[in-house]
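Contents: one structure, followed by commentary.
Protein chains in written order, with the numbering used here: chain E, 330 to 674; chain G, 330 to 674.
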């Protein structure tokens, strides 16, 4: 697969966003989030998203000039109105509030409504981690997942993410896989997806990529995945007063704003023990996992974050591989705003 | 199956605990928690647990006199030492702190170490709900679950529970099923458990109840279930400074204290909107789920909490059914402390 350097990809994406009317500082924040996800190997949440953002911007369905505004701040709680701003800009602002409030009060819960897609939750949870805090991030999403026993989309992939000081980082959709994995298979012409990923549009399990793309994602493990998705929907959309379930739009479809809600929870570790001690305890716990004898057929026990850190080390060295379908979309997005594409290697 | 009234079961369990040296007020709190779980149909976390508590008490491995103590309180954070007290008494105390702090600061995070089994998390999360708050409760547990790709127990069933004002209540182990479901099958002589519940002791999936009982539980959906269990382990045991992973004991085995950690997170809904408005929004979200067309083979979409509320209505009316194996254990526990059993109906 052809590759591109972090620097070239970053410049290209920033230029595209600026070409679509996004102020420079917001283009930088947004691009940093997307490219970081490609670096981590989470291509579903990387620059694959940018062409959709451009669609939204050029259709005037996302407001590049809006900054969002604090509705209220009270104790550890902050309520934010995203005002249809870029999701990454809302998240950047909310993370700053969360870190500040957790420093003051030991904890923070920042909940934003009327936001847009903010890329991978892991990028934001790690902002809290960088401040010596535990960061928990959740968001609701387009209603492409049926509740357990249903056959119409009502919930999003509604991810749960937690980052901590120490070698562990969880960022998981509450479906078997993230929607972006099916989009990626579709964009890149793969005929089949694994069993357990999706239903067709009639609510019947399918492995056909076309049917899965037009169908729905499966909740993780059945009814428990639905329960977790509802937990996220309540903590984000119900609590924010924002759009929920079928009221939420989608970055891939025009005519409706996205209107997602996002939640940022920060815990100041130092209220319980020094951060160094906490970090050592996480390291000890991770070591206990890795010392586990492996099950038949496996050579190693990994913990959340391991695959992505390994991929990041490799991609920083060798560049970011870009699938043909994704690159074609990005180049087209560039053409729409008169930005020429750099060469791939 | 024979049944027993709530009143008779409550009196019997309180008497057994008092016979084992538990002060009256703690016996009442503990029994209320267990019987509530039977009422909800979650028999795995009901009076089935009491004989093990009695074993712990009579072996001097749990301290019926200890109350636990606050280590520190700072802003929204409270750090608690359970001092090996009854888990239900630790939880009762921590919930009171969580509700008080969330009223003062909008949020509370109470983390307790050196606790014991506290029954079903749902009972405690509902204490916050009763105060107009969102209650999130987690705890670590005996290391009977291998991390994904491992074949030795390193994590507990580590439940995630959330209760909110409104008709929805999540309380789920991060394994496919709670350990109590396998114990229940074992105690009651059922030869098989469903596929996907457990590994045998070599790390190979099994449906044989004996092998499952001696083996290990499966993480929910594979690596994501392991990730969620680690999230719980970190928020409870790492943050509390308590026992983690293989340092944790088990109520079914003597010679080692249980030493679990528990986390109680409370959010004061009123900081975001009036509780009535929040409740109406939860009701609306639940109605959106229930209006979903059903998948082939299903007649209804239910949400978390539905099956238990229905069972509770039925059992309050007709009494609590008690399986032979569970009753035999409870009667034996009574005999150990000279408390006679009431008659079943």
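Beta carbons are placed, not taken as given, at the ideal position from N, Cα and C, and that holds for glycine. Bear in mind the structure is a predicted one, so any value in this text is a computation, not a measurement.
For the alpha helix (DSSP H) holding residue i, just list the boundary residues, first then last.
i             : result
residue 420/E : 416 to 434
residue 354/E : 353 to 368
residue 340/E : 335 to 348
residue 498/E : No alpha helix (DSSP H) holds residue 498/E; the beta strand (DSSP E) holding it covers 498 to 501.
residue 459/E : Note, residue 459/E: premise wrong, no alpha helix (DSSP H); not H, not E.
residue 617/G : 604 to 619
Here's a check: name, in chain order, each residue in its chain whose Cβ is nearer than 6 Å to the Cβ of residue i, leaving out the five neighbours to either side.
i             : result
residue 641/G : 368 and 369
residue 400/G : 408 and 410
residue 585/G : 578
residue 421/E : 358
residue 406/G : 438
residue 532/G : 480
Suppose you measure from the CA of residue i to the CA of residue j; what does that come to, to the nearest Å?
i             : j             : result
residue 666/G : residue 659/G : 11 Å
residue 575/G : residue 672/E : 53 Å
residue 619/G : residue 449/G : 26 Å
residue 525/G : residue 616/E : 27 Å
residue 431/E : residue 654/E : 42 Å
residue 353/G : residue 433/G : 31 Å
residue 467/E : residue 508/G : 28 Å
residue 647/E : residue 423/G : 51 Å
residue 334/G : residue 373/G : 18 Å
residue 477/G : residue 630/E : 7 Å
residue 415/G : residue 652/G : 25 Å
residue 443/G : residue 482/G : 20 Å
residue 612/E : residue 489/E : 22 Å
residue 540/G : residue 510/G : 14 Å
residue 355/E : residue 560/G : 32 Å
residue 595/E : residue 404/G : 13 Å
residue 572/E : residue 504/E : 20 Å
residue 537/E : residue 530/G : 37 Å
residue 634/G : residue 499/G : 6 Å
residue 386/E : residue 549/G : 39 Å
Going by CA-CA distance only, name the one from the options that's closest to residue i.
i             : options                       : result
residue 592/G : 380/G, 618/G, 487/G and 337/G : 487/G
residue 439/G : 428/G, 345/G and 446/G        : 428/G
residue 471/E : 602/E, 544/E, 531/E and 661/E : 544/E
residue 365/G : 626/G, 644/G, 661/G and 561/G : 644/G
residue 384/E : 674/E, 670/E and 662/E        : 662/E
residue 609/E : 497/E, 454/E and 387/E        : 497/E
residue 649/E : 377/E, 633/E and 346/E        : 377/E
residue 636/G : 350/E, 556/E, 635/E and 513/E : 556/E
residue 513/G : 634/G, 336/G, 375/G and 356/G : 375/G
residue 417/G : 387/G, 454/G and 437/G        : 454/G
residue 394/E : 518/E, 490/E, 340/E and 412/E : 412/E
residue 522/G : 546/G, 363/G, 426/G and 532/G : 546/G
residue 567/E : 548/E, 534/E, 404/E and 588/E : 588/E
residue 506/E : 492/E, 403/E, 491/E and 528/E : 528/E
residue 451/E : 550/E, 656/E and 501/E        : 501/E
residue 602/G : 402/E, 446/E and 614/E        : 402/E
residue 491/G : 627/G, 535/G and 464/G        : 464/G
residue 670/G : 558/G, 340/G and 475/G        : 340/G
By Cβ distance, which residues of its chain are closer than 8 Å to residue i, with the 5 residues on each side in sequence left out?
i             : result
residue 599/E : 461
residue 345/G : 379, 383, 659, 662, 663, 666 and 668
residue 516/G : 377, 652, 654, 655 and 658
Please list, in chain order, all residues of the same chain as residue i whose beta carbon is under 7 Å from its beta carbon, the five residues on each side excluded.
i             : result
residue 348/E : 666, 667 and 668
residue 604/E : 461, 494 and 598
residue 564/E : 467 and 592
residue 552/G : 477
Does the Cβ of residue i have 16 or more other Cβ atoms within 10 Å, making it buried, or fewer, making it exposed?
i             : result
residue 607/G : buried
residue 389/G : exposed
residue 624/E : buried
residue 582/G : exposed
residue 664/E : exposed
residue 457/E : buried
residue 622/G : exposed
residue 436/G : buried
residue 480/E : buried
residue 391/G : buried
residue 570/E : buried
residue 398/E : exposed
residue 485/E : buried
In the DSSP assignment, find the beta strand (DSSP E) that holds residue i and state where it starts and stops.
i             : result
residue 465/G : 462 to 468
residue 407/E : 406 to 410
residue 593/E : 589 to 597
I'd like to know if residue i contacts chain B, where contact means its C-beta is closer than 8 Å to some C-beta of that chain.
i             : result
residue 627/G : Included in the structure are the protein chains E and G, with no chain B among them.
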